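Participant:
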Amino acid sequence: MANVKRKDFEGQLQQVAMEYLIGLEVDHEIFSFHIPNGGYRGARTGAVLKRQGVRAGVVDICVMAEPDAYRQPRVIWIELKYANGKQSKAQKAFEEVCDRLGHAYYLVSCKNVWEVQPAFQAILMQAGFLPGGEPEDLGAGVAEPHTYSPDYQAMGDCRTCGRVERDPIHE
Numbered sequence: 026m027a028n029v030k031r032k033d034f035e036g037q038l039q040q041v042a043m044e045y046l047i048g049l050e051v052d053h054e055i056f057s058f059h060i061p062n063g064g065y066r067g068a069r070t071g072a073v074l075k076r077q078g079v080r081a082g083v084v085d086i087c088v089m090a091e092p093d094a095y096r097q098p099r100v101i102w103i104e105l106k107y108a109n110g111k112q113s114k115a116q117k118a119f120e121e122v123c124d125r126l127g128h129a130y131y132l133v134s135c136k137n138v139w140e141v142q143p144a145f146q147a148i149l150m151q152a153g154f155l156p157g158g159e160p161e162d163l164g165a166g167v168a169e170p171h172t173y174s175p176d177y178q179a180m181g182d183c184r185t186c187g188r189v190e191r192d193p194i195h196e
């Protein structure tokens, strides 16, 4: 069997998520970053990273916001999965640590790039990092939400406005 390079669907979703989050930093007091824990590493590199403090199961994305009215820091941890991806045992353990320490943990599953922004917008609104209300009221950088058909193989067909776009994940 030929050596087929598997596409990094989850990585592409994370890129879209980070572009969205970084775009929000201009108008909202938030700071976000990706934690590059995944991917294959050789035994030697893995051992070095472990000694440097890399921990298995840590989420993909962290978002911080200005303190609340009581000067309490606000941080959310987001694990992003492609389609119906499952958490590893280490990821479930990290979720338990977040719960025990009182940190907000979100597990997000997206089937295509168009599901990323609405999912992250809902999380940020729920966490109080973005003002509530309809998505179109949130200002610049937040596109009108679209609901795409389940034909995720090549094209997305918006049931809201009829817009058809290519899904770069499945090109």
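If you use the numbering used here, the sequence shown corresponds to residues 26 to 196, in order.
C-beta: ideal position from N, C-alpha, C; glycine also.
As the structure is a computational prediction, the values presented were derived from the model and not from experiment.
Keeping to the same chain, check which residues put their C-beta closer than 6 Å to that of residue 43; ignore five residues upstream and five downstream.
Facilitator: 59.
Participant: Rounding to the nearest angstrom, what Cα-Cα distance links residue 142 and residue 133 in this structure?
Facilitator: 11 Å
Participant: On the three-state DSSP scale, how would you describe residue 90?
Facilitator: strand
Participant: Can you check which of these residues, 153, 148, 136 and 77, is closest to residue 109 by C-alpha distance?
Facilitator: 136
Participant: What number of angstroms, rounded off, separates the C-alpha of residue 205 from the C-alpha of residue 98?
Facilitator: For the chain, the structure presents residues 26 to 196; residue 205 sits outside this window and is missing.
Participant: So, for residue 45: in the same chain, excluding its five sequence neighbours on each side, which residues have a beta-carbon less than 7 Å away from its beta-carbon?
Facilitator: Result list for residue 45: 141, 142 and 145, in chain order.
Participant: Buried or exposed: residue 105, going by 16 or more other Cβ atoms within 10 Å of its Cβ?
Facilitator: buried
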